[in-house]
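The structure under discussion appears below in the form of structure tokens.
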Amino acid sequence: MPACRRVALSILLAAAVLAGPAVHDIHATARQTLAFPVIRAQPGKQVGVDGVVEFGPALAISALAFSPDGATLAVGGYQEVLLWDLAQARLARRIGAGELDGMIHAVAFLDGGKALAVGDGSPGAKGAVKIFSTADGKRTATFGEPKGTVYCLAVSPDGTLLAAGSADTCLYVYDLKAGKPATTIDAHADWVLGAQFSADGKRLLTAGADRTMRVWEVGTWKMLLQYDQGDCVHAAVLGPDNDTVVGAVSGPTERGLVIGRVDADLKVAAQRKPRARLIGTGALMPLDIIWPGKGQNVFVPFNDGRIRAYQGASGRGVRTFDGHTDWVYAVAATDDGKRLASGGADGTVRLWDAEKGPMLATLVHLAPGSDGWLIMTPAGHFAASAPDALAWRAEGDAKPPDGLTDRYQKPDLVAKALTLAPEPEKPPPPKPPTPPPPKETPKPAPAKEAPKPPDKPTPPKEAPKPPDKTPPAKP
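Residue numbers are given in the working numbering: position 300 of the sequence shown equals residue 463, and the series is strictly consecutive.
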């Protein structure tokens with residue numbers, strides 16, 4: 164059995180948790196506990212407190228998709244799909260309960276987000292592509308051609324074509340306007356695990372368990388190029404240049420990213436079979452790959468619980484997203500490439516700032532088939548279906564402070580984190596009112612000028628001395 168089949172089956176095993184007691188005993192950790200640090204301990208000053216949520220059985224997540232406006236996230240579960248309203252920070256709807264079969268591996272939004280395509284199926288049974296209204300959750304169409312589980316869905320850029328890859332080795336292409344099959348391609352010699360249209364809509368790339376990536380011409384459905392790899396290709400993407408191909412390969416003999424150039428490789432295909440360049444990842448197994456919008460980076464989930472970003476053209480590592488506690492099977496990104504979602508074997512969905520790296524929030528479905536949910540941010544703020552979905556636990560024997568639920572249950576702040584909404588600009592503090600000018604104190608009347616003292620009388624001119632009348636002395 165190919166290694167990638169074993170990986171796919173490991174995903175399906177999680178669904179068997181609901182099958183009966185014998186299987187449940189195998190999954191001893193089916194019910195899980197997540198602890199979120201809320202108050203950091205400060206020795207001698209403050210006791211640390213965690214927000215704690217119990218959930219389960221935790222079923223693996225292997226399908227994710229953002230709506231075109233980025234406001235809704237679709238999460239494939241067991242026999243149902245969850246629609247998370249990120250703008251309102253809540254689980255908005257459960258779709259397909261009682262109408263879907265097995266673990267859901269593929270979801271895709273249609274018609275600007277008004278509809279959702281879901282690929283279902285279980286081992287040994289037929290699969291189908293089912294279309295649901297996102298407004299009311301009602302099924303509006305079913306394409307029942309696949310003879311095996313549907314593992315991938317791809318929508319053409321103009322929204323008119325839907326491609327579905329199946330375990331029966333075929334790729335089914337549907338004309339969404341006409342509501343009927345357009346063609347069926349015998350695409351691979353084994354399971355079809357990945358599919359993507361090029362940005363210009365002229366090419367379709369597929370990935371298979373037969374260790375190949377294949378490029379098809381849209382319309383004629385002629386195979387243009389085949390890349391032979393050393394092991395299973397779990398997924399593959401075409402870059403925004405419509406030329407660069409990057410695949411996620413993992414198995415016993417080859418693990419890593421493979422990079423090809425369609426135009427250049429087409430020129431040599433007549434002489435030899437092209438083989439994409441391998442960027443090895445050692446013991447790490449890449450399990451999916453996406454290339455959002457017009458960005459430069461691809462995002463790849465691994466079996467070590469991390470997602471890594473690489474430059475699509477060169478394969479150079481850019482950053483790592485660390486938060487899951489088990490294998491990560493699926494990733495999705497908003498059309499603008501700013502937010503990333505990931506899901507895997509730990510049963511949680513994590514949202515990330517794709518450009519800077521921090522985790523934005525953790526989304527938890529409390530139990531399969533239930534309406535219970537919780538969203539928690541790294542800052543400790545949470546939104547939940549009920550306030551008691553989150554318990555408080557202080558370190559040691561200490562008692563958590565009172566009022567923590569009121570303090571941290573902040574759906575508005577959670578919604579801002581989920582949508583990367585900027586904090587509202589704080590208005591400048593109001594200027595204090597200008598006090599009225601003080602009443603002008605009347606100026607005192609100028610003092611009457613004291614009368615000037617009379618001018619001193621001008622001294623009279625010195626009177627001439629009288630002539631000396633002293634008689635002359637006698638001789």
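We put the CB at the ideal spot given by N, CA and C, even for glycine. Computed from a prediction, not measured in an experiment: that's the story for all the values here.
Contacts around residue i, its chain only, beta-carbon distance under 7 Å, and the 5 residues preceding and following it disregarded
i    : result
G275 : P231
G480 : R471 and Y473
A364 : This sequence places Gly at residue 364; Ala is not what is there. S319, P320, D321 and V381.
D428 : L388 and P437
A341 : none
I258 : E243, V244, L246, L279, F295 and G300
D565 : none
Rounded separation between residue i and residue j - CA only
i    : j    : result
V381 : P309 : 20 Å
A398 : P455 : 14 Å
F199 : G214 : 5 Å
T369 : R502 : 25 Å
A576 : H544 : It is worth fixing the name first, because residue 576 is Leu in this sequence and not Ala. So the two alpha carbons sit approximately 7 Å from each other.
N460 : D283 : 30 Å
G532 : A260 : 8 Å
A542 : P437 : 49 Å
A476 : R440 : 11 Å
A546 : P574 : 5 Å
Q359 : R513 : 24 Å
P286 : A584 : 42 Å
A330 : L356 : 8 Å
V412 : G393 : 8 Å
W247 : Y241 : 16 Å
A561 : Y492 : 39 Å
A554 : Q251 : 22 Å
V378 : M386 : 6 Å
E417 : R435 : 21 Å
Q205 : R570 : 20 Å
S549 : I453 : Before going on, a small fix: residue 549 reads as Ala here, not Ser. Their Cα atoms are separated by approximately 35 Å.
S173 : V408 : Below a pLDDT of 50, predicted positions are generally treated as unreliable, and S173, at 44, falls in that range; the measurement from the model is reported next regardless. The alpha-carbon atoms of S173 and V408 are separated by roughly 27 Å.
V463 : A326 : 22 Å
D516 : A291 : 34 Å
Cβ-based neighbour list, residue i, same chain, cut-off 6 Å, excluding 5 preceding and 5 following
i    : result
L197 : V216
I442 : G419, L420 and G478
A495 : L227, A228, F229 and A504
G219 : A193, R194 and Q195
G520 : R482
S361 : L401 and N405
T511 : T525 and V527
M376 : A370, Y390, V396, A399 and G410
I538 : A252, A524, L526, A546 and V577
P563 : V212, W555 and A557
Within 9 Å, strictly: CB atoms of residue i and residue j
i    : j    : result
A269 : A226 : yes
W536 : R256 : no
F465 : T444 : yes
L581 : A552 : no
V318 : A280 : yes
A237 : L249 : no
T235 : T303 : no
T312 : C333 : no
C315 : G328 : yes
V425 : R374 : no
T525 : G486 : yes
A271 : F295 : no
M448 : F484 : no
V201 : L450 : no
Supposed close pair residue i, residue j - CB separation, criterion 8 Å
i    : j    : result
T395 : G414 : Note on identity: in this sequence residue 395 is Cys, with Thr being the wrong assignment. Confirmed, about 5 Å.
G500 : G458 : 4 Å
K293 : E262 : 7 Å
A432 : L388 : 6 Å
V212 : R556 : 7 Å
T540 : G233 : Rounded, the Cβ-Cβ distance is 18 Å, inconsistent with contact.
G371 : W384 : In fact, because the Cβ distance is near 16 Å, the residues do not count as touching under 8 Å.
D509 : A221 : 6 Å
Beta-carbon contacts of residue i that lie in its chain and below 8 Å, excluding the five residues immediately before and after
i    : result
P344 : F306, E308, Y335, V336, Y337 and D338
R203 : Q209 and G211
K430 : none
Residue-chain proximity (residue i, chain B), Cβ-Cβ < 9 Å
i    : result
A542 : Chain labels in this structure do not include chain B; a single protein chain is all it has.
Residue i CB to nearest heavy atom of the ligand HEM below 8 Å
i    : result
A517 : Absent from the structure shown: the ligand HEM. Ligands present: none.
Review point. Quick one: complete alpha helix (DSSP H) runs, 4+ long, within the stretch 418 to 489?
Key: Runs of the alpha helix (DSSP H) spanning 4 or more residues and lying entirely within the stretch 418 to 489 occur at 425 to 431, in chain order.
Practice item. Would you mind listing the beta strand (DSSP E) stretches within the stretch 487 to 566 that are 3+ residues and don't spill past its ends, in chain order? Key: 491 to 496, 502 to 507, 511 to 516, 522 to 528, 536 to 539, 545 to 547 and 554 to 557
Point to revise | Unbroken stretches of the alpha helix (DSSP H), 4 residues or longer, contained in the stretch 325 to 405 | key: none
Point to revise | In chain order, each beta strand (DSSP E) run of at least 3 residues that lies wholly inside the stretch 193 to 252 | key: 195 to 202, 212 to 218, 227 to 229, 235 to 239 and 244 to 248
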